[in-house]
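Chemist: Dropping the structure in here first, questions after.
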Amino acid sequence: MTVNTILFDLDGTLLEMQTEPFVKSYLVEVGRHVGDKYDTEKLLALVWDATKAMIMNQEPDKTNEQVFIEHFTEHSEWDREEIWPLFDSFYRDVFPTLSHLTYPSPWAKQIIAAAKEQGFRVAVATNPVFPRDAIHHRLAWIGMSPDDFELVTVYEESHFTKPNPGYYNEICQKLGVEPTDCVMVGNHMQEDMVASKLGMKTFLVTNWMEDRGEPQYQVDQRGSLEELFTAISEKSGVFAG
């Protein structure tokens, strides 16, 4: 079947960065924003546990946001009405300033432009464990917006996370495509290449590649961002025919 849709990971792929150092610094900034009024260590541990709850969730009727809030409020000693305004102001005022923790390059815009020129549908398949604002800010760091894509996955609207194959199934349902119509482009062996289990073709980006070792998944093509650009521009490899 002819490939007509490309799904792009964001962190480490379109947005050049190292995920682990970014997350560590992000959590430090959350703690700083919350201030001395709360036990920061306890609060951040709860945020992390609620994030794990999203990743483990298998209930298709709950969004990731609902899972996060339910876990947080169930295990928190603070009222949601007390804490959530702090989270909201963090994502509004502080998160946009964290671009210095990433390494944006012109490749993202060039790759998306090339994909559109070749007639591909494009979507951002970023792990939806962040609120919409945080994901949209990260797109802005590469000079792009949600309007540049048919779909951008966010935690308010997604019901699964990577590496759950259900996450990729949901994207296909929203776009009205079959997995075999798609190529998943990403830098993470476990979180992105798992899409191959559904029959998607895969392209592993090597610039900021991440691989935890196990499990391993099928990689149909791999290369740098420059090689990805060339493959899409020429409709070669997994992007052919």
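Just so it is clear: in the sequence shown, position 149 is 148 by numbering that gives the first Met the number 0, and no numbers are missing. A virtual CB, placed ideally from N, CA and C, is assigned to each residue, including glycine.
Could you give the first and the last residue of the continuous beta strand (DSSP E) run that contains Gln220?
Modeler: Here the beta strand (DSSP E) through Gln220 covers Gln220 to Gly222.
Chemist: Could you tell me whether the region 206-223 touches the region 179-192, using the rule of 3 or more Cβ pairs below 8 Å?
Modeler: Yes, the region 206-223 touches the region 179-192.
Chemist: Please go through the region 116-173 and give each complete beta strand (DSSP E) segment of 3 or more residues, from N-terminal end onward.
Modeler: Taking only runs of at least 3 residues, the beta strand (DSSP E) segments lying wholly in the region 116-173 are 120-123.
Chemist: Using 8 Å as the cut-off, can you tell me whether the region 217-229 makes contact with the region 193-208, which would need three or more C-beta pairs spanning the two stretches below that distance?
Modeler: Yes, they touch.
Chemist: Report the rounded CA-to-CA distance for Glu58 versus Ala107, giving the unit in angstroms.
Modeler: Those two C-alpha atoms are separated by around 34 Å.
Chemist: Select from Lys173, Asn126, Asp8 and Leu100 the residue whose C-alpha is nearest the C-alpha of Thr160.
Modeler: It is Asn126 whose Cα lies nearest to the Cα of Thr160.
Chemist: Judging by CA-CA distance, which residue of Asp35, Thr152 and Asp92 is the nearest neighbour of Asp170?
Modeler: For the sequence presented, residue 170 should be read as Ile rather than Asp. Ranking the options by Cα distance to Ile170, first place goes to Thr152.
Chemist: In the DSSP assignment, what residue or residues form a beta bridge with Lys200?
Modeler: Its beta-bridge partners are Val182.
Chemist: Does the distance from the CB of Asp146 to the CB of Tyr90 come in under 8 Å?
Modeler: Taking 8 Å as the Cβ cut-off, Asp146 and Tyr90 do not qualify as a contacting pair.
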